[in-house]
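Trainee: Residue numbering for the sequence shown follows the working numbering, starting at 1 and increasing by one per position.
Where is the CB? At the ideal position from N, CA and C, for every residue including glycine.
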Amino acid sequence: MAEGVILTPGSSVNAGHTYTFVRMTEVLLNYAEAANEAWGPDGDPNGYGFTAKTKMEELRGRAGMMSDDYLASINNQADLRELIRNERRIELCFEGFRFWDIRRWKDQATMTAPVKGVYITLDADSTYIFNYSNVEERIYTPDMIYGPIPYEETLKYNIEQNIGW
1 MAEGVILTPG SSVNAGHTYT FVRMTEVLLN YAEAANEAWG PDGDPNGYGF TAKTKMEELR
61 GRAGMMSDDY LASINNQADL RELIRNERRI ELCFEGFRFW DIRRWKDQAT MTAPVKGVYI
121 TLDADSTYIF NYSNVEERIY TPDMIYGPIP YEETLKYNIE QNIGW
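1. Within 7 Å: the Cβ of E91 and any heavy atom of the ligand COA?
2. If you follow the alpha helix (DSSP H) that S73 is in, where does it begin and where does it stop?
3. In whole angstroms, give me the CA-to-CA distance for Y132 and A63.
4. Taking C-alpha atoms, which residue in A38, E95, Y128, K156 lies nearest to T25?
5. Please determine if the segment 65 to 82 and the segment 111 to 130 are in contact, where contact requires at least 3 C-beta pairs separated by less than 8 Å.
6. Should I84 and M56 be called a contact, given that it needs their Cβ atoms to be closer than 8 Å?
7. Let me check one thing: in DSSP terms, what residues is F130 bridge-paired to?
8. In whole angstroms, what is the alpha-carbon distance linking Y48 and T54?
9. To which residues does DSSP link V115 through a beta bridge?
10. By the DSSP assignment, the alpha helix (DSSP H) with K156 in it spans what residues?
11. Can you name, in chain order, every residue of its own chain whose Cβ lies under 6 Å from the Cβ of V135, other than the five neighbours on each side?
12. Our contact map puts N158 next to Y146 with C-beta atoms below 8 Å; I'd like the distance itself, whole angstroms only.
13. In three-state terms, what does DSSP make of E95?
See below:
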């Protein structure tokens, strides 16, 4: 029998487990985003060398990427914002951040874009044919940025309900 098999499943096991709650990637992306919004791409108000661009370089260095000319050429807040948002989309993929990122950014275009699907068929001459279609239409109104506050909480603390709820 395998060494790790529990012979008495009703009993508890005191095995130490470690869980990663925050990855360094998330910390670097959060800092880069906040620094870019507060001071721009090269802003360093305290003189520590922690700018949005240096943190993006550090992030890419950790992933084994060489520094690229595009990051070095960025000199305005809007371009770096787009780069950081794309980097968050890629680096934090399947970790549950995208839903909240889109709402924090109030990205109406992404939230109302239809969900796309593809039906792939093979032609007689072994050529793939891709037929794209809208699978689901998304309805989004601005009041959906903030969710409803539970009714009991509004009574306890005399809080006003979010608009639209």
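Mentor: Let me lay it out:
1. Within the structure as shown, the ligand COA is missing, as the structure has no ligands at all.
2. 69 to 73
3. 34 Å
4. E95
5. no
6. Yes, they are a contact pair.
7. Beta-bridge pairing by DSSP links F130 to I120.
8. 11 Å
9. E136
10. Per DSSP, the continuous alpha helix (DSSP H) segment holding K156 begins and ends at 151 to 157.
11. So the qualifying residues of the chain are V115, G117.
12. Between Y146 and N158 the Cβ distance is about 18 Å, and since that is not below 8 Å, they are no contact.
13. coil
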